Each structure stands twice: as structure tokens, then as C-alpha cells.
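Presented below is the structure to which this report refers.
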Amino acid sequence: MSNLFRVHVFPYWRSIIAVSTPLLLLPLPISGIKEAQCGYVILIMAIYWMTEALPLPVTSLIPVVALPLFGIMETGDVSTAYMKANLDTNMMFIGGLILALAIQFCNLHKRVALAVLLLVGAKPKWLLAGFMGTTAFLSMWISNTATTAMMVPIVDAVAAELYKDDDEEMVMSSRVSSHATIVTNSGSIEELVPSDSNEKRISAETEKERKRKIRAGIMISTSYSSVIGGTGSLIGSSPQLALKGIVQETFGQTELNFASWIAFNVPGMLLNLFLTWVWLQVVLTGSEKHQSKADGGRDKEVIKVIRQKFKDLGPMTFHEAAVLVLFIICVLLWFFRDPGFIPGWSQFFGNARNVDDATAVMLIVLLLFAIPSKPTFWCFRHKEETLESAHSPAKPSPALLDWKYVQDKLPWGVILLLGGGYALSDATKKSGLSDWIGKQLSGMIALPPFVILLVVCVITAGVTEVASNTAVANIFLPILADTAIAIQINPLYFMVPVTVTCSYAFMLPVSTPPNAIAFAAAKMKPDEMMKAGWFVKLVCVIVICVTMETWGNVVFGSKQFPEWANVTTFGLNDSVTRCPSTQLISDFSV
């Protein structure tokens, strides 16, 4: 029976889920109730997203087919939801990815990583800190997967140099042990056999296992720090962009922007990194007192390897310097567009609301394709080029970024994934499902907001281990917006922490691509990853919830019900206003 299942069923499990899910949920649309029909579409997409029965971007196209057929939305309105209402978010996302690709295109990220490693030294705990800090910083601006894929080969080279003599030590120990057995069996000089030969062999095996764990710990730290670092900026991971799009479409102008996100989340991100660093030392890398004397001699060799890799990059080129300058300018433009504590630069161009973050990043993108990577004019010419140009015309230089490279590397499918979430958000409002959910959840007023937040974040942290983080955000965020309005709490109080928690997948190799990359490279055991990941997940969830409860009130005013939440199109305000317990709700929100 088990063999029959393995041969004839398991290979087709995705197809079975794809076909059976709509059939099993058929009672919902047959009822003829619009709310149930919308729920039918959402449940199908949620199951497909979590199981990947269809590719994630393909699942995101289901609303274009299903919503018009059920009469919930017109085809034009559904298609518009993918781009028009959230064009700023999508353009910011595309611009951020192109900027990240420019950094990868010129290898600037590798230079930054190696420079930091040279700075921190070769002790395992400081190497771990250096790798984690570098990975987290890069992941704030570059995709988590790209950052991990870039860092793992560097980690591998350093680890190989750090423990290159392990095999030789094991061979020598085996030879000593084998020789001792032969002498013993001769029966003549038994007392001359080293009594600790087996102990040395066992000690060598223990030392090798310890160093394997150190290597695995450093490897997996790149995955964890890329995930944690990806939450540090509004463009670091796609759940943040899903949040920005849903909030902007639903509520319009809010306190959520690039500057407020960094101000809120970077302190928690740094705390999570520090606690993860400490935990990985305890679980995998061990303490310094257990390090062998040979480790000290290898430190210099490790530094030599890193220095050689840095030297191989050569001096910093104009290409790298120009991309670095444009990157810094872009971050400054994002941060100071509307920082809140001072007037932003967007106010100098009329209505500040006319200028958003997409404008800043697209300006930088245009410059990336306009500025040459190897200028051969004026002061940029080398002496040899000046002499050569006297006899032949100057050759055109390629730009800082090549469009073919962008076309091949840009994850276009994520745009559809975000668009599918926006379409679902529209559908829940137009079908009345959001009203129904809000009324059902209004009973949660009896619970303290922090308890609700903690429960929702724990649920999200569990689901994101088996589903795409963006898909989880698209499912949970519209529901949480309804919940917050129903109980008269700032929607950002729930939506921001849950968005961050969507990225906290640490326990399974299949949870996220960075985990899979690091797991395969480290040759870890699954139980080792779960052992390391459960505590990291627990700490990160607690930190983000406590941060929102305390610091979130300073940055977002999360303890007050904002005016912008009253102009929502969810249709809940009327029902809340007419509710007999309005005064109770008002008192509770204060």
C-alpha cells in the first residue's frame, strides 16, 4: 500500500491539490452569497499559495478569472487593481530591485562584505558577528535570497581555510590507533601501547564534529541575518511592499513611510541580530574555552584568505564608486522625503503628496542607465587612453547597469504576487466580506490589544514556515485591517508587526530560499536547524510585539485611533457608529 502511494499518488500531489481544493470548497459558491463566493476564491488562493500547487505568480492571477465569473468585480476593475491603485508601490518595488541589481552588477556588495570581515578579525564569534552584520545590512537593500547566495561562497571559503587540517588530523589519529592494536595483539610489549590512543581518536572526532557545527552555525547565520535584515527597510522584503500597497489603497496617507519604518524597525532588528548571534554561539559554535590551540594559528590564515579575496577585486573602480554614491543619494532621498520631524524635500515641489518614494528611486534608476561605467572624457581619462585617443576616436562606454542583466535577473513574478493580494483586498470590500469579518471580530474587544497582537503574530509565524511570506501577508493584512477598525485600534498596531513576522521563517529548509541555500551548503541535519530556529523565531516575535507596544506608539501613534482610519472604504464605520457600545469602544481605544 505504501509503495502504491509512493509510486502512483505522491508524484502527483500538487495536481491532486489543484483539482480537489475547488471541488471540496464548492458548497461556498453554490450558496449564492457574495461574501461566501469571495471567501471561496480567497481560500483556494491561500491553499495554493501555501502548498505551491501552482506557481505563486500563477495563483495570483486567479482573481482575474474568478471574481468576474462570480459577479464580484468587473474584469477591468480586477486588472486595474494589479497596478493602477498601487502603481507607486509597484514602481518603488521595481526601482528598489533595479538598484539592488546595480550593486550586484558591479560587485560592490562583495567588496563591502570582505571589507567588514577584514575589520572584525578571524575569531569564530567575531567572524559570526561580521557575517551576520554584513548580511543584514546588505539584505536591507538587496533581496534576502541574493544576499545569502552571495555570502555563502565567502563563508565557505573562510570555513574551508579555518578547518582545512581536520582530515589530516583524523588520518593521523586512525594510524596511531591501528598501530596500537597490532602491537597489543602480538602479546609481547602490551605495556608499551599508548593507553590514550583511543581517547585521542575520540577526541579528534569530537573536535571535528565541533568544528562542523561551527561551520554550520556560520552558514545558517547568513540565512537568519538576511531574513532579519530584510525587515529593516521598507524595500527589504516583499511583505513590507504588500503592506504599503494595502495601507495606501485602503487608508490613503498615513504615518507609514520609508523614514518611519526604519525608525521603528531598525532598533528591534539590531536587538534580534544580537540575540540570534548569542543563541547561535550557544547552540552551534560553542564557547571560546573549547577551542583548540591550533585555532589560534589558523586565524592568520583565515585573514590571509579574506585579504587575498579582497585584493583580487582590485582597487575600487569608477563603476563601483558611482553606484555607491547613487545608492547613498537614493537612501537619503527616501529618508528625507517626508521624515516627519523636519519638513521633507517633497514640500519644495508644491503638494508634498504628489511626490512619493517611487519618484526618488526612479530618478536614480534613470541615472544608472545614463552614466557611463568607464568614462573616457575629461579628467576621467587615464594617460594611456589620452595618448590612444589622439590617434583614434574614443569608444563609447557601457552604462552603470545593463538592461539585459536587469531583464534576466529581475523577479517579475513578485509583481503579480503583490497584485494578487491587492485584487483580493478590493474583492473583500466590494463583496461585503470585509464587513462580515469585521462584525465577527468585533467581539474581540473584550481582549487586550496586546494579547490579540501576540496571538496573531504567533499564528503568522507558524504559517510562514510552510507558505510564501508575501502570500501570508496578502491573506492576513486585509483581515487585520478589518479587525482594527472593528475594535477602534490603529490598523498599523496589528499590520506592521504581522508584516514583519511574515518574514520570520527560521525552522525549516523549505520555509524560504535563504534557508534552503544555507542548509544545503552547511550540510546540516534538519533537527539542528529546528533546534537553532525555534528560539530565534520566539525571540523575534516577542521583540516585534514589545517594540510595537512601546516604541510603536512614538513612531506611529499606535495607541490612538487615527483620523485617516475613519475615511476607509471598508464600510465598517457606520456599523460601529450605530453600535450601542460605541462609548465602550471609544473608552477602550484610549
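So the sequence shown is numbered by the working numbering: it starts at 23 and just counts up by one. In this text, a Cβ means the ideal position worked out from N, Cα and C, and glycines have one as well. Since we're looking at a predicted model, the values are computed, not measured.
Contact check, leucine 440 vs glycine 258 under 8 Å by CB: the rounded distance?
No, leucine 440 and glycine 258 are not in contact; Cβ-Cβ is about 15 Å, not under 8 Å.
Tell me the residue span of the alpha helix (DSSP H) that contains asparagine 496.
491 to 508
Return the Cβ separation of glycine 574 and leucine 78 in integer angstroms, given the expectation that the two are a contact with Cβ distance under 8 Å.
No, glycine 574 and leucine 78 are not in contact; Cβ-Cβ is about 30 Å, not under 8 Å.
Cβ-based burial, glutamate 96 [other Cβ within 10 Å; buried from 16]
exposed
Based on the DSSP secondary-structure assignment, which residues constitute the bridge partners of proline 394?
Ala421
Is it the case that the Cβ atoms of threonine 521 and alanine 495 are separated by a distance below 8 Å?
yes
Of the choices Ala508, Leu475, Leu388, Ile364, whose alpha-carbon is the least far from that of leucine 422?
Leu388
What does the alpha-carbon distance come out to for the pair tyrosine 104 and valine 80?
13 Å
Which residue comes first and which comes last in the alpha helix (DSSP H) that contains methionine 338?
Unbroken run through methionine 338: none, as it is neither H nor E.
Apart from the five residues on each side of it in sequence, which residues of its chain come closer than 6 Å, Cβ to Cβ, to tyrosine 62?
Leu47, Leu50, Pro51
Identify every run of the alpha helix (DSSP H) within the stretch 81 to 119, keeping only runs that are complete inside it and at least 4 residues long; order them along the chain.
84 to 91, 97 to 105
By the three-class DSSP mapping on this structure, what secondary structure does tyrosine 526 have?
coil
Can you grab the Cα-Cα spacing for the pair serine 419 / cysteine 128, in whole Å?
14 Å
Glycine 118 to tryptophan 163 span [Cα, whole Å]
7 Å
So is leucine 295 buried or exposed if we call it buried at 16+ other beta carbons inside 10 Å?
buried
If you draw a straight line from the alpha carbon of aspartate 99 to that of leucine 446, how long is it in whole angstroms?
12 Å
Nearest residue (CA-CA) to glycine 442, options Lys431, Ala88, Asn512
Ala88
Residues in its own chain within less than 8 Å of alanine 122 by CB, not counting five upstream and five downstream?
Trp163, Ile164, Ser165, Ala168
Whole-angstrom distance between methionine 114 and arginine 359, CA atom to CA atom
14 Å
Going straight from the alpha carbon of lysine 132 to that of threonine 170, what length do you get?
12 Å
Helix, strand or coil at glutamine 126 according to DSSP, with G and I counted as helix:
helix
Same chain, Cβ closer than 7 Å to lysine 56, neighbours up to 5 away in sequence not counted
Ile94, Ser453, Gly454
Please report how far the alpha carbon of leucine 499 lies from the alpha carbon of threonine 276, in whole angstroms.
16 Å
With H, G and I counted as helix, E and B as strand and the rest as coil, what does DSSP make of valine 205?
Any reading at valine 205 needs caution, since the residue's pLDDT is 42, under 50, leaving its predicted position unreliable; the model's value is listed next. DSSP places valine 205 in helix when its eight states are reduced to three.
Between the stretch 530 to 549 and the stretch 235 to 248, do at least 3 Cβ pairs fall closer than 8 Å?
yes
Is leucine 140 near glutamate 342, with beta carbons less than 8 Å apart?
no
Could you give the residue range of the alpha helix (DSSP H) that holds alanine 17?
Residue 17 is absent from the model: the chain starts at 23 and stops at 612.
Locate the alpha helix (DSSP H) running through arginine 36, then write down its first and last residues.
35 to 46
Using the beta-carbon count (16 or more within 10 Å), is leucine 8 buried or exposed?
No answer is possible for residue 8: it lies beyond the span of the chain, which begins at 23 and ends at 612.
Who are the near neighbours of alanine 179 in its chain, counting only those whose CB is closer than 8 Å to its CB and skipping five residues on each side?
Val327, Lys331
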